[in-house]
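Let me begin by presenting the structure, written as structure tokens, before commenting on it.
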DNA sequence: GGCTGAATGTGACTTAGTCGCAGATCGCGC
DNA sequence: GCGCGATCTGCGACTAAGTCACATTCAGCC
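Protein chains in written order, with the working numbering: chain A, 87 to 316; chain B, 87 to 316.
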């Protein structure tokens with residue numbers, strides 16, 4: 087972690103990436119800016135691991151990371167992703183509950199983010215309505231999302247979830263550049279069942295398969311299947 | 087909801103059920119007591135439903151309720167229970183994030199609780215360090231708990247989870263007075279697989295089964311199984 | 001071209017959940 | 001005590017999903 091040492095005027099601009107923070111009370115805004123520093127991570131690097139202690143509140147300026155949970159038996163779920171304008175809500179949770187990270191974070195692209203020391207974070211929560219609102223809105227949304235994810239992972243069929251994933255990843259009609267194994271991990275499943283479903287869909291002409299790559303041919307078929315199975 | 091109209095001196099006693107609130111600043115304490123009212127629910131009644139808006143912060147004095155998520159296909163997960171001395175953390179989440187309940191609450195026993203209007207809640211968060219601390223500590227833990235639950239429900243074997251449940255419910259050696267169907271629901275599973283496992287265990291002499299009731303004979307066997315399967 | 005490692009394909013097997021129905025048991029009114 | 005309906009439990013066949021053990025294919029590289 088490197089304290090940002092560019093031109094101060096420019097540095098303070100990062101707040102503009104967070105519209106909700108634009109309305110910060112002047113004192114709170116100063117406290118935030120004076121006690122924050124920039125962090126950069128390269129794609130592939132690990133932000134934190136399960137069990138790590140958490141010292142800083144994090145605001146993502148640029149880039150995407152994945153937050154995933156590694157289960158005891160080696161399996162893995164993608165819990166959610168953090169992108170520009172987000173805060174890393176697990177960090178909030180740890181700072182609030184004084185606990186350790188219950189999941190791990192990996193950079194999927196190069197990252198640029200702002201870190202705020204735990205003490206500053208807590209002070210701001212005490213003193214600033216706007217900051218508190220900002221933090222809890224994110225937290226509340228993620229909590230809802232986690233409950234929805236639980237529901238989805240536990241009760242929805244794999245083919246429906248896979249269909250949704252493919253549709254989401256091919257929004258512009260572009261192919262999915264990913265291995266079946268990584269797709270399976272994103273779904274909290276494993277390679278074989280995912281591979282079998284994909285193979286079936288290829289036989290039906292809904293998709294085309296290649297090594298590390300996949301193209302959706304019949305979006306309607308997938309949409310129908312996803313809707314059918316809840 | 088009925089505003090409490092008993093002897094004021096007696097009413098204010100409820101705070102003693104929440105040790106963390108005993109150290110409240112005098113002004114905050116008065117504000118809390120002057121703006122709270124008692125709510126009673128009978129066993130079986132519904133506290134709130136999914137999608138409901140949330141207006142009051144809730145502190146449970148007495149009784150137990152279950153917070154559960156109803157899935158699209160009619161299945162159900164028990165997310166957590168709220169008991170004496172707890173606050174209903176989903177309520178906190180909704181109040182803080184101004185969102186709607188992502189799950190439902192049902193009284194398992196008769197309930198007695200204290201409700202605090204949203205406006206008062208927010209005012210206390212601004213003014214009282216002790217209150218804020220109380221709320222945040224409960225709240226920070228919830229997200230961690232949900233992630234742990236996700237992990238457990240998705241990746242841990244049913245027999246191991248069932249063993250844990252039985253052990254937890256027979257801590258004092260007392261029998262479990264519950265139907266297999268309700269036990270299954272608590273585990274996020276269904277009657278048949280749970281029934282099959284229980285039947286096996288009965289044949290092995292680990293438990294005895296009766297209608298709506300079950301007794302653990304060999305705690306060690308269950309403990310070993312739960313440990314074995316993660 | 002041939003090697004190597006990663007990605008994919010496949011079948012047999014286990015665990016979990018679904019469906020349909022049969023049988024057992026309890027409470028309750030008569 | 002008897003009959004009745006509701007609830008609880010048992011069971012078998014079937015589907016969905018995940019595990020395990022391999023075989024096969026492919027891309028990139030010397």
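C-beta atoms are modelled at their ideal positions from N, C-alpha and C, and glycine is treated no differently.
Quiz item: What is the DSSP secondary structure of residue 154/A, reduced to helix, strand or coil?
Solution: Start at 1 with the first residue of the first chain, and residue 154/A comes out as number 68. Annotated three-state conformation of residue 154/A is strand, per DSSP.
Self-check item: residue 99/B burial status per 10 Å Cβ neighbour count (16 or more: buried)
Solution: Counting from 1 along the second chain, the entry for residue 99/B is found at position 13. Looking at its Cβ environment, which holds fewer than 16 other Cβ atoms inside 10 Å, residue 99/B is exposed.
Quiz item: Which residues bound the beta strand (DSSP E) around residue 247/B?
Solution: For the purposes of this step, residue 247/B is taken as the residue at position 161 of the second chain. DSSP places residue 247/B outside any beta strand (DSSP E); the residue lies instead in the alpha helix (DSSP H), whose first and last residues are 244–255.
Practice problem: Kindly indicate if chain A contains any beta-carbon less than 9 angstroms away from that of residue 188/B. | Solution: Here residue 188/B refers to the residue found at position 102 when the second chain is read from its first residue. Cβ-Cβ to chain A under 9 angstroms: yes for residue 188/B.
Quiz item: At least one CB of chain B closer than 9 angstroms to the CB of residue 306/A: is that the case?
Solution: Here residue 306/A is taken as the residue at index 220 of the first chain, counted from 1. It does not: the Cβ of residue 306/A has no partner Cβ on chain B nearer than 9 angstroms.
Practice problem: Would you give the residue range spanned by the beta strand (DSSP E) that residue 122/B belongs to? | Solution: As a working note, residue 122/B is residue 36 in the second chain. Looking at the DSSP string, the run of the beta strand (DSSP E) that includes residue 122/B is 122–127.
Self-check item: Residues near residue 191/A in its chain [Cβ-Cβ closer than 6 angstroms; skip 5 each side]
Solution: By 1-based counting over the first chain, the position of residue 191/A is 105. 133, 134, 151 and 153, listed in sequence order.
Exercise. Could you list the residues in the stretch 199–231 of chain B with a C-beta less than 8 angstroms from some C-beta on chain A, going in chain order?
Key: For the stretch 199–231 of chain B, the set of residues with a beta-carbon nearer than 8 angstroms to any beta-carbon of chain A comprises 211, 212, 215, 218, 222, 223, 225, 226, 227, 228, 229 and 230, in chain order.
Quiz prompt | Given 8 angstroms, three or more beta-carbon pairs between the stretch 178–191 of chain A and the stretch 104–116 of chain A | solution = Taking 8 angstroms as the limit for Cβ pairs, the verdict is that the stretch 104–116 of chain A does not touch the stretch 178–191 of chain A.
Quiz prompt | Inter-residue spacing [alpha-carbon to alpha-carbon] between residue 169/B and residue 157/B | solution = Counted from its first residue, the second chain places residue 169/B at position 83. Counted from its first residue, the second chain places residue 157/B at position 71. A direct Cα-Cα distance of roughly 24 angstroms separates residue 169/B from residue 157/B.
Quiz prompt | Reference residue 164/A, options 281/A, 299/A and 276/A, closest by Cα | solution = Counting from 1 along the first chain, the entry for residue 164/A is found at position 78. Ranking 281/A, 299/A and 276/A by Cα distance to residue 164/A puts 276/A first.
Exercise. Provide the residue(s) that pair with residue 143/B in DSSP beta bridges, ordered along the chain.
Key: Within the second chain, the letter at position 57 stands for residue 143/B. Paired residue(s): 202/B.
Practice problem: Report the three-state DSSP secondary structure of residue 301/A (helix, strand or coil). | Solution: For this step, residue 301/A is matched to residue 215 along the first chain. DSSP places residue 301/A in the strand class (E or B) of the three-state scheme.
Quiz item: Is the Cβ-Cβ distance between residue 228/B and residue 229/A less than 9 angstroms?
Solution: As a first step, residue 228/B is located in the second chain; it is residue number 142 there, counting from the start. As a first step, residue 229/A is located in the first chain; it is residue number 143 there, counting from the start. Cβ distance < 9 angstroms, so residue 228/B and residue 229/A count as in contact.
Practice problem: Taking a Cβ distance cut-off of 9 angstroms, strictly less, list which residues of the stretch 136–151 of chain B are near chain A, in chain order. | Solution: Correct list: empty, as no residue qualifies.
Quiz item: What residue does the alpha helix (DSSP H) around residue 226/B start on, and which one ends it?
Solution: The sequence position of residue 226/B within the second chain is 140, counting from 1. Here the alpha helix (DSSP H) through residue 226/B covers 215–241.
Quiz item: Using a Cβ cut-off of 7 angstroms, which residues of the stretch 236–255 of chain A contact any Cβ in chain B, in chain order?
Solution: Answer in chain order: 236, 237, 239, 240 and 241.
Self-check item: Bounding residues of the beta strand (DSSP E) (the contiguous stretch that carries residue 270/B)
Solution: The residue given as residue 270/B occupies position 184 in the second chain. For residue 270/B, there is no enclosing beta strand (DSSP E); the residue is found in the alpha helix (DSSP H) stretching over 266–272.
Exercise. Compute the distance between the beta-carbons of residue 249/A and residue 309/A, then report whether it is under 9 angstroms.
Key: Your numbering for residue 249/A matches position 163 in the first chain. Your numbering for residue 309/A matches position 223 in the first chain. Yes, the pair counts as a contact, with Cβ atoms nearer than the cut-off.
Self-check item: Interfacial residues, the stretch 118–132 of chain B to chain A, with Cβ spacing under 9 angstroms
Solution: Taking 9 angstroms as the Cβ-Cβ cut-off against chain A, none of the residues of the stretch 118–132 of chain B qualify.
Practice problem: Could you name the residues that DSSP lists as bridge partners for residue 167/B? | Solution: The residue given as residue 167/B occupies position 81 in the second chain. DSSP, once it has assigned bridges, lists 152/B as partnering residue 167/B.
Quiz item: Who are the near neighbours of residue 166/B in its chain, counting only those whose CB is closer than 6 angstroms to its CB and skipping five residues on each side?
Solution: By one-based count along the second chain, residue 166/B stands at place 80. Excluding residues within five positions, the ones whose Cβ falls inside 6 angstroms are 153.
Quiz item: Under the criterion of a Cβ to heavy atom distance below 8 angstroms, does residue 136/B qualify as lining the ligand SAM?
Solution: Absence of the ligand SAM from the depicted structure is noted, as is the absence of any ligand whatsoever, leaving it without description.
Quiz item: For residue 141/A, which residues from the same chain have a beta carbon less than 6 angstroms from its beta carbon, with the 5 sequence-adjacent residues on both sides left out?
Solution: Walking along the first chain from the start, residue 141/A turns up at place 55. Taking C-beta separations shorter than 6 angstroms and ignoring five residues to either side along the sequence, the partners of residue 141/A in its chain run 204, following chain order.
Practice problem: Along the alpha helix (DSSP H) that carries residue 133/A, what are the first and last residues, could you check? | Solution: Locating residue 133/A in the first chain gives position 47, counting from the first residue. Careful: residue 133/A lies outside any alpha helix (DSSP H), inside the beta strand (DSSP E) at 132–134.
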